[in-house]
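Engineer:
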Amino acid sequence: MGFEPIVHEAGISDVVFGENVRLVRPVNLYGCRIGDGTFIGPFVEIQKDVTIGARCKIQSHAFICELVTVGDDCFIGHGVMFVNDLFADGRPAAGDRTKWKSTHIGHRVSIGSNATILPVTIGDDVVIGAGAVVTKDLTRPGIYAGNPARYLRASTRTAP
Numbered sequence: 013m014g015f016e017p018i019v020h021e022a023g024i025s026d027v028v029f030g031e032n033v034r035l036v037r038p039v040n041l042y043g044c045r046i047g048d049g050t051f052i053g054p055f056v057e058i059q060k061d062v063t064i065g066a067r068c069k070i071q072s073h074a075f076i077c078e079l080v081t082v083g084d085d086c087f088i089g090h091g092v093m094f095v096n097d098l099f100a101d102g103r104p105a106a107g108d109r110t111k112w113k114s115t116h117i118g119h120r121v122s123i124g125s126n127a128t129i130l131p132v133t134i135g136d137d138v139v140i141g142a143g144a145v146v147t148k149d150l151t152r153p154g155i156y157a158g159n160p161a162r163y164l165r166a167s168t169r170t171a172p
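Under the numbering used here, the final residue of the sequence shown carries the number 172; numbering is consecutive throughout.
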């Protein structure tokens with residue numbers, strides 16, 4: 013004899029959309045802002061108090077937690093994970109937002125697939141390689157990769 017689970021449906025709730033936003037369901041978006049011309053792929057979760065800029069592309073299976081701001085013309089690859097809880101007490105903050113930290117992503121930033129972004133500031137014109145783990149602010153434009161992410165070289169690329 014089992015118990016019935018409490019089931020919550022993925023969906024879209026309390027989202028402010030700009031013009032010409034495109035998304036592929038299923039998605040789980042709530043309490044966030046999505047800028048003009050942004051594309052959101054399937055199986056993406058964007059939580060409350062997140063702002064996504066204009067003309068961004070967010071690929072499938074990305075997770076963007078509370079307290080993240082993404083600038084304009086950014087690319088977030090498949091499976092990118094944002095973190096706002098650093099387990100400062102050796103365990104999850106269990107919803108205590110006072111222990112969470114924010115993340116700020118500049119304009120024209122590209123984040124490769126399966127990167128993990130801890131609470132940091134990433135400046136404009138930064139490229140983050142696939143699988144990178146960003147643990148510190150990246151303020152110098154250029155290409156970063158590795159665990160932890162390190163500056164590799166300048167970039168001559170243009171935004172997506």
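Glycine included, every Cβ here is placed at the ideal spot set by N, Cα and C.
Kindly indicate which three-state DSSP category Thr133 falls into: helix, strand or coil?
Structural biologist: Along the sequence shown, one-based indexing puts residue 133 at 121. Note: Thr133 maps to strand in three-state DSSP.
Engineer: Rounded to the nearest angstrom, how far is the Cβ of Thr115 from that of Leu150, given a contact under 8 Å?
Structural biologist: As a position in the sequence shown, residue 115 is number 103, starting the count at 1. As a position in the sequence shown, residue 150 is number 138, starting the count at 1. Actually they do not touch by this definition, with Cβ atoms about 11 Å apart.
Engineer: Which residue's Cα is closest to the Cα of Pro38: Arg45, Thr50, Asn32 and Pro54?
Structural biologist: For the purposes of this step, residue 38 is identified with residue 26 of the sequence shown, where counting begins at 1. Comparing Cα-Cα distances from Pro38 to each of Arg45, Thr50, Asn32 and Pro54, the minimum goes to Pro54.
Engineer: Any chance the stretch 58-67 sits against the stretch 35-49, with 3 or more Cβ pairs inside 8 Å?
Structural biologist: A contact exists between the stretch 58-67 and the stretch 35-49.
Engineer: Quick one: what's got a C-beta closer than 6 Å to Leu77's C-beta in the same chain, skipping five residues either side?
Structural biologist: The residue you call residue 77 lines up with position 65 of the sequence shown. Inspection of the sequence shows that residue 77 is occupied by Cys rather than by Leu. These residues qualify, in order along the chain: Gln59, Phe94 and Asn96.
Engineer: What do you get for Arg34, buried or exposed, if any count of 16 or more other CB atoms within 10 angstroms of its CB means buried?
Structural biologist: Here residue 34 corresponds to residue number 22 of the sequence shown, with the count starting at 1. So Arg34 counts as exposed.
Engineer: The beta strand (DSSP E) with Gly157 in it runs from where to where?
Structural biologist: Looking up residue 157 in the sequence shown gives position 145. A small fix is needed here, since residue 157 is Ala in this sequence, not Gly. Unbroken beta strand (DSSP E) run through Ala157: Gly154 to Ala157.
Engineer: Between which residues of its own chain and Ala22 is the CB-CB distance below 6 Å, once the five residues before and five after are set aside?
Structural biologist: Mapped onto the sequence shown, residue 22 falls at position 10. Excluding residues within five positions, the ones whose Cβ falls inside 6 Å are Pro38 and Asn40.
Engineer: Which one of Lys148, Thr110 and Val138 has the shortest CA to CA distance from Ile155?
Structural biologist: As a working note, residue 155 is residue 143 in the sequence shown. The residue with the shortest Cα to Cα distance from Ile155 is Val138.
Engineer: How about Ser122 and Phe87: are their beta carbons less than 7 Å apart?
Structural biologist: Here residue 122 refers to the residue found at position 110 of the sequence shown. Here residue 87 refers to the residue found at position 75 of the sequence shown. Cβ distance < 7 Å, so Ser122 and Phe87 count as in contact.
Engineer: Using a Cβ-Cβ cutoff of less than 7 Å, which residues in the same chain neighbour Ala171 once the five nearest sequence positions on both sides are dropped?
Structural biologist: Translated into positions along the sequence shown, residue 171 becomes position 159. Its pLDDT being 48, under 50, Ala171 is placed unreliably by the model, and nothing is read from it.
Engineer: Are there 16 or more other CB atoms within 10 angstroms of the CB of Thr128, so buried, or fewer, so exposed?
Structural biologist: Along the sequence shown, read from residue 1 onward, the residue named residue 128 stands at position 116. By the 10 Å Cβ count, Thr128 comes out buried.
Engineer: Quick one: complete alpha helix (DSSP H) runs, 4+ long, within the stretch 30-95?
Structural biologist: DSSP runs (the alpha helix (DSSP H)) wholly in the stretch 30-95: none.
Engineer: According to the neighbour-count rule (16 or more other Cβ atoms, all chains shown, within 10 Å of its Cβ), is Gly89 buried or exposed?
Structural biologist: Your numbering for residue 89 matches position 77 in the sequence shown. Its Cβ being crowded by 16 or more others within 10 Å, Gly89 is buried.
Engineer: Using the Cα positions of Lys113 and Gly107, report the straight-line distance between them to the nearest angstrom.
Structural biologist: If you number the sequence shown from 1, residue 113 lands on position 101. If you number the sequence shown from 1, residue 107 lands on position 95. Whole-angstrom Cα-Cα distance: 12 Å.
Engineer: Using alpha carbons as the reference points, say which of Val56, Val36 and Thr168 lies closest to His73.
Structural biologist: Taking the first residue of the sequence shown as 1, we reach residue 73 at position 61. Cα-wise, what sits closest to His73 is Val56.
Engineer: With Thr115 as the anchor, note down where its beta strand (DSSP E) starts and where it stops.
Structural biologist: Position 103 of the sequence shown, counting from 1, holds the residue named residue 115. Here the beta strand (DSSP E) through Thr115 covers Thr115 to Ile117.
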